[in-house]
Structures are given as structure tokens and as C-alpha cells.
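Trainee: Numbering (my numbering), first residue to last: 124 to 604. Cβ atoms here follow ideal geometry from the backbone N, Cα and C, with glycine treated the same way.
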Amino acid sequence: MKKSARIFSGEILFRHFLILQSKIPDMSHSTPCVKRDGFTSSFGVLAATLGSAVGLGNIWKFPYMTGANGGAGFLLVYLLATLLIALPVMMAEIAIGREAKANPITALQRLAPRGFPWWVIGACGMVAAFLIMSFYSEVVAWVFAYILKAVEGSILSNDPQVTGSAFNQLIQDPLQSLLWQWLVLIFIGGILLLGVAKGIEAVTKKLMPLLFLLLLILCAVSLSLDKASEGIRFLFQPDFSKIDASVVLMAMGLAFFKLSIGMGTMMTYGSYFRDQQNIPTTTLRVMTADLFVSMLAGIAIFPAVFTFGFEPAAGPSLVFITIPAVFAQIPMGHLLMVLFFVLTAVAATGAMLSLLEVPVAIIHERFGISRRKATLISLLVLAMAGSTCALTNSSMANVKLFGLTMFDLFDYLSSNILLPLGGILICLFVGWSWGAQRLQQALSNRGQLHNQRMIHVLFFLLRYISPLLILIVMLKGLGLF
Ligand code: PHE
């Protein structure tokens with residue numbers, strides 16, 4: 124029987140079932156004589172990991188969530204969630220991935236004691252990846268469409284009416300929304316087909332530095348605007364009156380989303396890490412750089428919001444309506460705006476690649492089929508699930524569940540429920556099953572790094588503090604307690 128036919132035959136599914144039950148060893152990941160692909164240089168590891176963390180989360184989600192939830196108060200809670208919860212979980216995930224050198228499901232199976240179904244974390248991660256990609260790919264689609272609009276110059280205006288209606292026209296057109304989304308999927312799929320080193324690493328390494336540079340220029344322009352100080356005050360002066368349990372949950376969800384944790388992405392990337400890579404240092408650098416990019420995006424956006432009379436709590440459309448206004452203000456604004464949307468597309472591409480890599484690695488390694496087929500299968504599933512989000516502002520505007528459109532539902536469900544839940548399970552796995560000694564071995568590169576004390580603190584956080592905090596924030600935020 125041809126291999127492709129076998130994938131869908133009961134044989135492979137049954138084999139997969141047995142593997143999950145740990146009755147037979149999983150050999151599918153070890154295709155004979157084929158070396159597992161991985162990152163090839165220290166900078167490459169950093170760029171790819173940062174490429175996953177930095178994305179629309181910084182440029183699109185962070186500013187609008189900060190705007191909608193009262194500015195600096197939200198920022199402070201977000202910072203705390205990042206340090207106490209997200210950072211430890213990120214280190215743990217990468218360590219798990221590198222120790223097992225496999226996709227999240229296989230990784231957890233290998234490291235868990237026999238009979239304990241910790242692999243469920245990987246399976247839930249795959250579901251979360253599809254949910255996130257469904258709405259994420261649509262926002263990337265808007266960014267791609269905006270590159271074209273920026274080239275034409277049709278959105279170069281500081282009139283909220285003009286930029287607002289350009290945005291609405293785009294998202295309310297079902298055909299455009301779908302076509303742009305498919306274009307994005309084909310583009311991302313194409314890069315993934317090149318592999319981990321030649322695809323993911325090569326692309327992110329070149330383009331991440333450029334993004335930083337452009338954001339810096341944008342900030343300089345924005346800070347020179349009339350009401351810059353009002354925008355900056357909004358971003359940095361805490362007002363705690365807006366903070367309630369659901370805002371805290373959102374800030375924590377954003378911290379998970381930002382660092383791409385709680386769903387297997389960092390575990391998958393960890394499995395491509397080099398053995399000599401210093402995981403804690405890399406993680407700290409990624410977290411710091413990621414925060415820095417979010418701050419830059421905030422500094423670029425809020426002065427313009429106040430200067431031109433936009434609405435800081437405008438929601439998801441904020442970036443698409445305010446950023447053109449900043450560019451309309453400056454010499455060479457036209458050219459710089461094109462560059463801005465190109466680089467946002469780049470940032471989003473790095474994040475999308477890491478999201479798609481989760482199902483691709485799982486399907487490829489567990490079913491023993493080629494990366495190409497695994498990518499195609501994932502893209503097909505995604506095109507179907509994603510279309511519900513693409514049509515959320517047009518044909519499917521009235522399709523709602525729990526009062527939310529598919530776009531909002533997938534966003535809420537993933538960030539506020541699935542990622543934190545994945546985070547709790549990862550903490551519990553490391554803190555109570557894997558144990559201090561193995562974590563120590565993994566994070567100190569078998570004793571070569573002198574970071575024992577830091578790992579002690581980390582283990583304490585992972586075992587007691589982080590899971591408890593996540594649980595309390597989740598239950599309170601969801602109104603269950
Ligand atoms: N961290 C990415 C961003 O900020 C999004 C992402 C979430 C990527 C989860 C991978 C996994 O845009």
C-alpha cells in the first residue's frame with residue numbers, strides 16, 4: 124500500500140493509539156539515518172526563539188489591550204505575570220524539549236514515568252495552536268493587505284475617519300479576507316517546507332534586527348508629536364481603578380501568549396536547541412527583548428492616539444488606524460509606512476512559523492510521514508478553522524457562541540483558558556514528576572553552567588508559586604471563585 128494511503132488507514136491510527144498507551148516504543152521520530160533538523164548557531168537559536176515571541180502580540184495585541192484596560196496599571200500586572208509565571212514556565216518548556224529532542228507529545232511521553240499521561244499537555248497544545256493560528260492568520264492577512272494599501276498610499280492620513288473606514292472596508296469584505304488569509308497560509312507553509320535551519324532560522328535571523336531599527340525610528344517620530352507626553356503618561360502612570368480579576372486574567376493570558384508558552388511551541392523549539400546553549404540566559408534575553416519591543420510599540424502608538432484624537436480603547440483595530448496617522452506626519456512617511464507593515468508581517472511570520480511548527484512536528488514525527496505532507500495536512504485543517512475567523516466581520520458576523528464571534532472566542536479560549544491550563548500542567552509536571560534534579564541537569568548543561576542557585580529558586584516557583592497563582596487568577600478571572 125502506498126504510504127500516503129496508509130496514513131489514513133486504520134494501521135497508522137492504531138499504531139498511534141498504541142504509542143500513546145505506551146504499549147510499543149515510538150520509533151516514528153527516528154527515521155533511520157536522517158539527522159533531526161535543528162538550529163545551527165547560538166544567534167540562530169536566539170533569533171528564532173525571539174522570532175516566535177515577538178509578533179502581533181507586541182504590535183497589535185499589547186497596545187490595544189493596554190489601551191482598553193487603563194494603561195499603566197495593566198502594564199504593571201502584565202510585568203508581574205511575565206516575571207513570576209511566564210518566565211519560569213518558558214525555561215521549563217525549553218528544558219523539556221531539549222532533553223527529549225522530540226515534539227511535545229513524544230517529549231512528555233519520554234520524560235514522564237510510565238503510565239502517566241502527561242503527553243496530554245502536548246495534545247492540548249496542538250488544539251491551542253490551531254485555535255490561535257485561526258485568528259492570528261487573519262490578522263496577519265490584514266497586515267499583508269496593508270502592505271499593498273501602504274504602497275498605494277491610500278491610508279496615508281491622520282484623519283480617524285479615513286483610516287477607520289479603510290480598515291472596515293477590508294475586514295468586512297469576505298472574499299478579500301479569505302484570499303489574504305490563504306495567501307498567508309501558503310507563504311508560511313512555503314517557509315516551513317524549507318525546514319528548521321534553512322527556513323525558520325535563516326529567515327528570522329535576517330529580519331529581526333531590522334524590525335528593532337524601524338520601531339526605534341517610529342518612536343522618535345511619535346515622541347516629537349504635540350501630545351506625546353499625554354500618551355507616555357497613559358502608558359506609564361498606573362491607574363489601578365480599572366484593574367479587576369478579569370483584567371488580571373487578561374494580563375496573564377497576554378504574558379503566556381507573548382512568550383509563546385503553555386501550548387508546546389517553546390517545547391518544540393527547545394527540541395531544536397543546541398546542547399551547549401545556555402537556556403536560562405537565552406530565555407531572559409528573549410523576555411527582555413520582547414518586553415522592549417512591546418514598549419517601543421506602545422511608545423510609537425499612544426502619543427499619536429492622543430495627538431490626533433483617536434480612541435485609546437479602540438480595540439483590535441487600534442494599530443491599523445493609528446499607525447498610518449504617525450506616518451502621514453513625517454517626511455518619507457509613505458516609504459516608511461510600507462517598511463513598517465513589511466516588518467510587522469515579518470514579525471508575525473516568525474510567530475506563525477513557530478505556531479505551525481507544533482502540529483507539523485507532531486504529525487511528522489508521530490505518524491512517520493514527511494514534513495511536506497505534515498505541513499499540507501496542517502494547512503488544510505487551518506484553512507478550514509481559520510475561515511470562520513476570516514468571515515467573522517462579514518458573512519459569519521452573527522455566528523456567536525457564549526456571545527462571542529469565532530474570532531473573539533478562539534482568542535479568549537486560547538489565551539485565557541488553554542494557555543494558562545497548559546502552564547499549570549507544565550509546572551506540575553516539572554515540579555512534582557520530573558523533579559529538581561533533572562531540571563538542574565537540564566538547565567545547567569549537566570553541571571557546566573554555574574547557575575544552581577537560580578535553578579533552586581526556579582524550581583520552587585514552578586513547584587508551588589506559579590501553578591497556584593495561575594489557578595487563582597484563572598478561577599477568579601472566570602468568576603468561578
Ligand atoms: N508570541 C506570539 C506573538 O506575540 C504569538 C504566539 C503565541 C506564537 C503562541 C506562538 C505560540 O505574536
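Return the bridge partner residues of Leu527 from the DSSP annotation.
Mentor: Paired residues: Leu524.
Trainee: With a threshold of 6 Å, establish whether the CB of Ala474 neighbours any heavy atom of ligand 1.
Mentor: Result yes, Cβ under 6 Å from ligand 1.
Trainee: Comparing alpha-carbon positions, which option in Phe185, Ser165, Gly161, Phe604 lies nearest Met373?
Mentor: Residue Phe185 is the option with its Cα nearest to Met373.
Trainee: Using the three-state DSSP reduction, which class does Gly600 fall into: helix, strand or coil?
Mentor: Gly600: helix per DSSP, three-state reduction.
Trainee: Run the CB neighbour count on Thr154, radius 10 Å, all protein chains shown included, and call it buried at 16 or more, exposed below.
Mentor: With a pLDDT of 38 at Thr154, under the threshold of 50, the modelled position of that residue is not reliable, and the figure given next carries that caveat. Answer is exposed; the Cβ neighbour count stays below 16.
Trainee: Could you tell me the distance, in whole angstroms, from the CA atom of His579 to the CA atom of Ser280?
Mentor: So the two alpha carbons sit approximately 54 Å from each other.
Trainee: Relative to the alpha-carbon of Gly318, which residue among Thr163, Leu548, Leu592, Met507 has its alpha-carbon at the smallest distance?
Mentor: Residue Thr163 is the option with its Cα nearest to Gly318.
Trainee: If you run the structure through DSSP and keep just helix, strand and coil, what is Gly473?
Mentor: Looking at Gly473 - three-state DSSP - the assignment turns out to be helix.
Trainee: Give me the Cα-Cα distance between Val326 and Cys342, rounded to the nearest whole angstrom.
Mentor: For Val326 and Cys342, the distance between alpha carbons rounds to 25 Å.
Trainee: Looking at C-beta atoms only, is the number of pairs between the region 168-180 and the region 527-540 that lie closer than 8 Å three or more?
Mentor: Contact fails: fewer than three Cβ-Cβ distances are below 8 Å.
Trainee: Quick one, are the C-beta atoms of Gly161 and Met331 less than 7 Å apart?
Mentor: For Gly161 and Met331, no; Cβs fall outside 7 Å.
Trainee: Taking the alpha carbon of His457 as the reference point, which residue from Gly276, Phe357, Leu199 has its own alpha carbon closest?
Mentor: Residue Gly276 is the option with its Cα nearest to His457.
Trainee: Once the 5 residues before and after Arg233 are set aside, which same chain residues still bring their CB inside 6 Å of it?
Mentor: Hits under 6 Å: Ala223.
Trainee: Identify, in the order they occur along the chain, each residue of the same chain with its Cβ nearer than 7 Å to the Cβ of Leu548, setting aside the five sequence neighbours on each side.
Mentor: So the list reads Ile244, once near-sequence residues are dropped.
Trainee: Measure the alpha-carbon distance for Ala437 versus Ala195 and round it to whole angstroms.
Mentor: Approximately 17 Å between the Cα atoms of the pair.
Trainee: Kindly indicate which residue of Leu298, Phe258, Ser417 has the alpha-carbon position closest to the one of Leu505.
Mentor: Checked all of Leu298, Phe258, Ser417; the closest Cα to Leu505 is Phe258.
Trainee: Look at the alpha carbon of Ile485 and the alpha carbon of Thr388, and state the distance between them as a whole number of angstroms.
Mentor: Taking the straight line from one Cα to the other gives about 11 Å.
Trainee: State buried or exposed for Gly546, treating a residue as buried only when at least 16 other CB atoms are found within 10 Å of its CB.
Mentor: Buried, because 16 or more other Cβ atoms sit within 10 Å of the Cβ of Gly546.
Trainee: Could you give the residue range of the alpha helix (DSSP H) that holds Thr515?
Mentor: Per DSSP, Thr515 belongs to no alpha helix (DSSP H) and is neither H nor E.
Trainee: Which residue's Cα is closest to the Cα of Ser556: Tyr535, Gly354, Leu585, Ser567?
Mentor: It is Leu585 whose Cα lies nearest to the Cα of Ser556.
Trainee: If you run the structure through DSSP and keep just helix, strand and coil, what is Arg233?
Mentor: Helix at Arg233.
Trainee: Three-state secondary structure (DSSP) at Gln284?
Mentor: Note: Gln284 maps to helix in three-state DSSP.
Trainee: Nearer than 6 Å: is that true of the beta carbon of Thr388 relative to any heavy atom of ligand 1?
Mentor: Thr388 Cβ: within cutoff of ligand 1.
Trainee: Is it true that the region 508-516 meets the region 247-261, where meeting means three or more beta-carbon pairs spaced less than 8 Å apart?
Mentor: Yes, since at least three Cβ pairs between the region 508-516 and the region 247-261 fall closer than 8 Å, the two stretches touch.
Trainee: Using the C-alpha atoms, what's the distance from Met249 back to Phe443?
Mentor: For Phe443 and Met249, the distance between alpha carbons rounds to 30 Å.
Trainee: On the three-state DSSP scale, how would you describe Leu584?
Mentor: Three-state DSSP puts Leu584 in a helix.
Trainee: Can you list, in chain order, the residues of its chain whose CB lies under 8 Å from that of Phe211, leaving out five sequence neighbours each side?
Mentor: Correcting the residue type first, residue 211 is Pro in the shown sequence and not Phe. Closer than 8 Å at Cβ, skipping near neighbours: Cys550, Leu581, Leu584, Leu585, Ser589.
Trainee: Using the rule of at least 16 other Cβ atoms within 10 Å of the residue's Cβ for burial, across every protein chain shown, is Asn521 buried or exposed?
Mentor: Asn521 should be labelled exposed.
Trainee: Between Ser440 and Phe290, is the Cβ-Cβ spacing less than 7 Å?
Mentor: Their beta carbons are under 7 Å apart, which means Ser440 touches Phe290 by this criterion.
Trainee: What three-state label does DSSP hand Trp555 in the structure shown?
Mentor: Looking at Trp555 - three-state DSSP - the assignment turns out to be helix.
Trainee: What residues in its chain sit with their C-beta under 8 Å from that of Ile355, if we drop five residues either side in the sequence?
Mentor: These residues qualify, in order along the chain: Leu346, Ile422, Phe425, Pro426.
Trainee: Check whether the Cβ of Gly180 sits closer than 6 Å to any heavy atom of ligand 1, and report yes or no.
Mentor: Yes, Cβ of Gly180 sits closer than 6 Å to a heavy atom of ligand 1.
Trainee: Judging by CA-CA distance, which residue of Asn539, Gln400, Phe415 is the nearest neighbour of Gly602?
Mentor: With distances taken between Cα atoms, Gly602 lies closest to Asn539.
Trainee: Given Lys146, which residues of its chain have a CB within under 8 Å of its CB, disregarding the five upstream and five downstream residues?
Mentor: Below a pLDDT of 50, predicted positions are generally treated as unreliable, and Lys146, at 38, falls in that range; the measurement from the model is reported next regardless. For Lys146, where only same-chain residues beyond five positions count, there are no Cβ hits under 8 Å.
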